[in-house]
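The next block holds one structure in the form of structure tokens; read it before the comments.
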Amino acid sequence: MRNRSFREFVSLLLISCLLTGCATNPTLTYLGDAQLKEYRADAERIDFPANCEVPPESVTFASPPRNVRDRNHDEIWEMPLAEALHLALLNNKIVRTSSRTATGAINSGDAGGSNTNAAVRAPNAVASVYDPAIQETGVLFGGRGVEAALAQFDTQLTTSMVCGRNEQIQNNLFLAGGIPDGAVLQTDTAQFNAQLQKTQADGGQLSLSTLVNYNYSNAPGNLFPSVYTGNVQLAYRRPMWAGSGTEFTRIAGPVSQNIQGLSGVNQGVVIARINNDITIADFEIQVRNMIKDVEDLYWNLYLAYRRYDAEVVARNSALRTWREVDAKFRIGAKGGSAADEAQAREQYFDAKARAERETNLVYSMELELRRMLGLPVNDGRIIRPSDEPITAEFVPDWYVALAEALTRRAELRRQKWQIKSLDLQLTAARNLVNPRLDFVAAYNVNMFGDNLFGHNDNDAVGTSKGLNSAYERLLQGDETGWQAGFQFSMPFGFRSALAQVRNLELRLAQARELLATQEVDISHELADAFQALNLNYLTAQTHFNQGRAAQ
Numbered sequence: 001m002r003n004r005s006f007r008e009f010v011s012l013l014l015i016s017c018l019l020t021g022c023a024t025n026p027t028l029t030y031l032g033d034a035q036l037k038e039y040r041a042d043a044e045r046i047d048f049p050a051n052c053e054v055p056p057e058s059v060t061f062a063s064p065p066r067n068v069r070d071r072n073h074d075e076i077w078e079m080p081l082a083e084a085l086h087l088a089l090l091n092n093k094i095v096r097t098s099s100r101t102a103t104g105a106i107n108s109g110d111a112g113g114s115n116t117n118a119a120v121r122a123p124n125a126v127a128s129v130y131d132p133a134i135q136e137t138g139v140l141f142g143g144r145g146v147e148a149a150l151a152q153f154d155t156q157l158t159t160s161m162v163c164g165r166n167e168q169i170q171n172n173l174f175l176a177g178g179i180p181d182g183a184v185l186q187t188d189t190a191q192f193n194a195q196l197q198k199t200q201a202d203g204g205q206l207s208l209s210t211l212v213n214y215n216y217s218n219a220p221g222n223l224f225p226s227v228y229t230g231n232v233q234l235a236y237r238r239p240m241w242a243g244s245g246t247e248f249t250r251i252a253g254p255v256s257q258n259i260q261g262l263s264g265v266n267q268g269v270v271i272a273r274i275n276n277d278i279t280i281a282d283f284e285i286q287v288r289n290m291i292k293d294v295e296d297l298y299w300n301l302y303l304a305y306r307r308y309d310a311e312v313v314a315r316n317s318a319l320r321t322w323r324e325v326d327a328k329f330r331i332g333a334k335g336g337s338a339a340d341e342a343q344a345r346e347q348y349f350d351a352k353a354r355a356e357r358e359t360n361l362v363y364s365m366e367l368e369l370r371r372m373l374g375l376p377v378n379d380g381r382i383i384r385p386s387d388e389p390i391t392a393e394f395v396p397d398w399y400v401a402l403a404e405a406l407t408r409r410a411e412l413r414r415q416k417w418q419i420k421s422l423d424l425q426l427t428a429a430r431n432l433v434n435p436r437l438d439f440v441a442a443y444n445v446n447m448f449g450d451n452l453f454g455h456n457d458n459d460a461v462g463t464s465k466g467l468n469s470a471y472e473r474l475l476q477g478d479e480t481g482w483q484a485g486f487q488f489s490m491p492f493g494f495r496s497a498l499a500q501v502r503n504l505e506l507r508l509a510q511a512r513e514l515l516a517t518q519e520v521d522i523s524h525e526l527a528d529a530f531q532a533l534n535l536n537y538l539t540a541q542t543h544f545n546q547g548r549a550a551q
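For the sequence shown, this note's numbering assigns the number 1 to the initial residue and increments by one for each residue that follows.
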């Protein structure tokens, strides 16, 4: 009676706790039509990661940027081009790009607009100094580095030890009568397994394993109640047809470790090394483009300063003209009418506006150059290029320049590595359009004994062979076994293998066509550069003569 009352009390307590919990959270709905407005606020809330990443000091302690209304006189930083290139390479671990390197941005007078870096827009798509090392240490399918590809040939050690016990009632009158504990069959088991496996360069696999089994049983008729059995085995498997040979293994990796339809034929050491070369070429292209952007920005800033100087001279000239006309207007002299004074004043304000735009353009170009050099927004100094453009005529040879372009351009080298990789993969894929035929062989030495170890051969039964120690029987090598033969398998039609070959043939044809297109485009780019070089030199001569005539 007392136990029943206690159970009823506990049940009432649990029910009251559940009812209380439901009453304290009225927004949850378990039955009927749910009102999603209670959950939408949590589902659509933007969460922010909790981390301790501190912004760099160049951002935290940066001074406000310069503007045309700022009257501060900053220190002039006379910067040569070599120093600018050095700072760009020193401060940028993430390769920066600039969209304001073309002279059109200066000629149009555009001092505003967005100059958001590609690293801000797509941080995972930019190059960095870490890219070659990341590729070298890659472990995923399709992005393996050399070390991961070589790891397929490392010696593998696997071992396990499992113990167990089982008790089972036997439905057998004669067997139950012979078991000391009646009808319960008791069995104790233990198993130890260890194996060393090595994959060879030709795709073969060599393994050395040992197996030890322990079994105790109270069943009648056993020679020993407990016994140790097992063996030491040396096994070998080698592909003889599909996936065979050192060439295939170096390209695609060991065929026994490839996953059909996933790993493909690009997991070998040679392909991993080519992928490293492709990554290095990509990094070289990005660094080269960054250096070109820095140099273009340097000379664009130089041009902005020259344009600013010209606009300041024009503004001062317009101011002087306005003052002269205004003085004549005040005394009523000839050429000093109200219309002349208004026109001179309008020309002055127009020249002043152009000078202000050029001033802001200098600040904007200097800020963009600072970003490309990895410098803070404002450090109390304003960069001014100290190098002068080269005025001597440069006459390159077309054929020499074309040969160097077709030899040195990293884009062509990258594409040639891509073609080499696809060509090797095609060779490996054609190897797989064959049946799988493996040679297998194994040799083992068996063990048997009442004990695992022992000082002598005398066992409890007194057999003539002396089965006291299992390892002693193993070392004597009297009980051996071997097997040798072939294993054959093939899919009818080879549709997957043939599809892979056809896919690689198409990709290889596409890569070769792309290389030819790149070479044609490079020749056109070089021709355009030759035309621009001659035009700019003639234009410079014409403007020089125009300046002398104006003087």
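Built from N, CA and C at the ideal position, the CB exists for glycine as well.
Please read these numbers as outputs of a predicted model, since none were measured by experiment.
Can you give, in chain order, each stretch of the alpha helix (DSSP H) that sits fully within the region 303–330 and has at least 4 residues? If we require 4 residues or more, the region 303–330 turns out to have no alpha helix (DSSP H) run fully inside it.
Extent of the continuous beta strand (DSSP E) run through THR189: Residue numbering aside, residue 189 sits at position 189 when the sequence shown is read from its first letter. In this chain, the beta strand (DSSP E) harbouring THR189 covers 184–199.
Contact check, GLN518 vs LEU412 under 8 Å by CB: the rounded distance? Here residue 518 refers to the residue found at position 518 of the sequence shown. Here residue 412 refers to the residue found at position 412 of the sequence shown. About 6 Å separates the two Cβ atoms, so the contact holds.
Three or more C-beta pairs below 8 Å linking the region 63–76 and the region 337–353: no
Runs of alpha helix (DSSP H) wholly within the region 420–464 (minimum 4 residues, chain order): none
With a cut-off of 8 Å, do at least 3 Cβ pairs link the region 268–276 to the region 285–294? no
Could you check how far apart the C-beta atoms of LEU506 and PRO385 are, in whole angstroms? I think they sit under 8 Å. Walking along the sequence shown from the start, residue 506 turns up at place 506. Walking along the sequence shown from the start, residue 385 turns up at place 385. With 8 Å as the limit, LEU506 and PRO385 do not qualify as a contact, their Cβ atoms being about 51 Å apart.
Counting pairs of beta carbons, one from the region 486–494 and one from the region 431–442, are three or more of them closer than 8 Å? Yes, the region 486–494 is in contact with the region 431–442.
Which residues mark the beginning and the end of the beta strand (DSSP E) in which ALA333 is found? Taking the sequence shown and counting its residues from 1, one reaches residue 333 at position 333. Element bounds for ALA333: n/a, residue is neither H nor E.
Identify the continuous alpha helix (DSSP H) that holds PHE530 and give its terminal residues. If you number the sequence shown from 1, residue 530 lands on position 530. That run of the alpha helix (DSSP H) goes 495–550.
Inspect the CB distances between the region 200–214 and the region 393–406 and report whether three or more fall short of 8 Å. Touching, no.
Once you ignore the five residues that flank PRO254 on each side, which residues in its own chain have a CB closer than 7 Å to its CB? Locating residue 254 in the sequence shown gives position 254, counting from the first residue. Only GLN152, THR199 and GLY203 meet the Cβ criterion.
Close Cβ partners of SER366 (< 7 Å) along its chain, the five nearest in sequence each way excluded: Residue numbering aside, residue 366 sits at position 366 when the sequence shown is read from its first letter. Inspection of the sequence shows that residue 366 is occupied by Glu rather than by Ser. Correct list, in chain order: LEU301, ILE382 and ILE383.
Do GLU479 and GLY454 come within 9 Å of each other at the CB atom, strictly closer than that value? Walking along the sequence shown from the start, residue 454 turns up at place 454. Walking along the sequence shown from the start, residue 479 turns up at place 479. Going by C-beta atoms, GLY454 is not nearer than 9 Å to GLU479.
Taking the alpha carbon of ARG354 as the reference point, which residue from VAL59, ALA314 and SER99 has its own alpha carbon closest? Taking the first residue of the sequence shown as position 1, residue 354 is located at position 354. Among VAL59, ALA314 and SER99, the Cα nearest to that of ARG354 belongs to ALA314.
Could you please give the first and the last residue of the uninterrupted alpha helix (DSSP H) stretch that includes TYR399? Indexing the sequence shown from 1 puts residue 399 at position 399. Its alpha helix (DSSP H) spans residues 398–408.
Does DSSP put GLU358 in a helix, in a strand, or in coil? For the purposes of this step, residue 358 is taken as the residue at position 358 of the sequence shown. If DSSP states are grouped into helix, strand and coil, GLU358 belongs with the helices.
Assuming SER469 contacts GLY485 (C-beta within less than 8 Å), just tell me the rounded distance between them. Locating residue 469 in the sequence shown gives position 469, where the first residue counts as 1. Locating residue 485 in the sequence shown gives position 485, where the first residue counts as 1. Incorrect: roughly 33 Å between the Cβ atoms, too far for contact.
Per DSSP, PRO239 forms a beta bridge with which residues? For the purposes of this step, residue 239 is taken as the residue at position 239 of the sequence shown. Paired residues: ASP438.
In chain order, what residues of the same chain have a beta carbon less than 8 Å from the beta carbon of ALA356, not counting five sequence neighbours either side? In the sequence shown, counting from the first residue as 1, residue 356 sits at position 356. Before going on, a small fix: residue 356 reads as Glu here, not Ala. Closer than 8 Å at Cβ, skipping near neighbours: VAL68.
Quick check on DSSP: helix, strand or coil for GLY104? Taking the sequence shown and counting its residues from 1, one reaches residue 104 at position 104. Legend: pLDDT at GLY104 = 48, less than 50; position of this residue unreliable, value from coordinates given subsequently. When DSSP states are grouped into helix, strand and coil, GLY104 belongs to the helix group.
Do ALA88 and PHE283 count as a contact pair if the criterion is CB distance below 9 Å? Counted from its first residue, the sequence shown places residue 283 at position 283. Counted from its first residue, the sequence shown places residue 88 at position 88. No, these two residues do not count as a Cβ contact at 9 Å.
Segments assigned beta strand (DSSP E), at least 3 residues, entirely inside the region 359–386: Entirely contained in the region 359–386, the beta strand (DSSP E) runs reaching 3 residues are, in chain order, 381–385.
THR97 in three-state terms, based on DSSP: For this step, residue 97 is matched to residue 97 along the sequence shown. Of the three classes helix, strand and coil, the one that applies to THR97 here is coil, per DSSP.
Using only the alpha-carbon positions, how far apart do THR155 and THR279 sit? Residue numbering aside, residue 155 sits at position 155 when the sequence shown is read from its first letter. Residue numbering aside, residue 279 sits at position 279 when the sequence shown is read from its first letter. So the alpha carbons of these two residues sit roughly 29 Å apart.
Beta carbon of VAL501, beta carbon of ASN231: below 9 Å? Looking up residue 501 in the sequence shown gives position 501. Looking up residue 231 in the sequence shown gives position 231. Cβ atoms of VAL501 and ASN231: not closer than 9 Å.
Using 10 angstroms around the beta-carbon of THR249, count the other beta-carbons present and answer buried if the total reaches 16, otherwise exposed. For the purposes of this step, residue 249 is identified with residue 249 of the sequence shown, where counting begins at 1. Residue environment: THR249 is assigned as buried (16 or more neighbouring CB atoms within 10 Å of its CB, all protein chains considered).
Drop a sphere of 10 angstroms on the beta-carbon of PRO80, count the other beta-carbons inside from all chains shown, and report buried for 16 or more, exposed for fewer. Residue numbering aside, residue 80 sits at position 80 when the sequence shown is read from its first letter. By the 10 Å Cβ count, PRO80 comes out exposed.
Between the C-alpha atoms of GLY547 and GLN541, what's the straight-line distance to the nearest angstrom? Here the question's residue 547 lines up with position 547 in the sequence shown. Here the question's residue 541 lines up with position 541 in the sequence shown. Near 10 Å, if we compare the C-alpha coordinates of GLN541 and GLY547.
Three-state secondary structure assigned by DSSP to TYR568: No statement about residue 568 is possible, as the shown extent of the chain runs from 1 to 551 and does not include it.
Test item: CB-CB of LYS416 and LEU515 under 9 Å: On the sequence shown, position 416 is the one that residue 416 refers to. On the sequence shown, position 515 is the one that residue 515 refers to. The answer is yes: Cβ separation under 9 Å.
Taking the straight line between their C-alpha atoms, what separation do you get for GLN186 and THR137? Numbered from its first residue, the sequence shown carries residue 186 at position 186. Numbered from its first residue, the sequence shown carries residue 137 at position 137. Going by the C-alpha atoms only, they are around 53 Å apart.
Could you tell me how far apart the beta carbons of TYR443 and LEU157 are, in whole angstroms, since I believe they sit closer than 8 Å? By one-based count along the sequence shown, residue 443 stands at place 443. By one-based count along the sequence shown, residue 157 stands at place 157. Not really, about 21 Å apart at Cβ, beyond 8 Å.
Contact check, GLU388 vs ARG307, beta carbons under 9 Å: Here residue 388 refers to the residue found at position 388 when the sequence shown is read from its first residue. Here residue 307 refers to the residue found at position 307 when the sequence shown is read from its first residue. For GLU388 and ARG307, no; Cβs fall outside 9 Å.
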